[in-house]
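Here is the structure we will look at, set down as structure tokens.
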Amino acid sequence: MLEHEPVPADQVVAGSPSTGYVALDGWGAGEIGVWEMTPGAMRDVEVDEVFVVLSGAATVEFEHPHSSPIVLAPGSVVRLEAGMKTIWTVRETLRKVFIAR
């Protein structure tokens with residue numbers, strides 16, 4: 001299990017979510033890592049990232065630019081772009097492996 005910290009109050013939408021993270025490798029401005037979030041909902045501003053969901057269940061809503069929500073489950077592969085404003089609603093602790101820059 002990853003060490004978790006509470007989500008900052010100004011990002012919490014519902015519940016008391018916490019997140020954990022570990023870097024696996026990095027280069028220049030890029031990074032490969034594992035990220036986890038417990039049940040609840042939070043707002044975030046994304047970086048350029050591709051991720052694969054390893055476990056859990058969640059939905060990502062897009063506030064800006066607006067688009068259809070994505071339902072996440074093990075095996076989901078998603079590409080996010082820097083600056084996207086999202087709301088992550090986690091129903092079952094979500095763990096993903098990501099490549100970001």
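Going letter by letter, the sequence shown gives residues 1 to 101 in the UniProt record's numbering. Backbone N, C-alpha and C fix where the C-beta goes; we use that ideal spot for every residue, glycine too. A quick note: this is a predicted structure, and the numbers were derived from the prediction, not measured.
Note that the C-beta distance between Val71 and Pro17 is not below 9 Å. Within the region 10-87, the runs of beta strand (DSSP E) at least 3 residues long that lie entirely inside it are, in chain order, 12-14, 18-27, 30-37, 40-45, 49-64, 67-72, 77-80. Annotation for Gly30: Ile99, Ala100, Arg101 place their beta carbon closer than 8 Å to its own, counting only its chain and skipping 5 residues before and after. The region 79-98 makes contact with the region 35-43; the number of CB pairs closer than 8 Å reaches 3 or more. DSSP, read as helix, strand or coil, puts Arg95 in strand.
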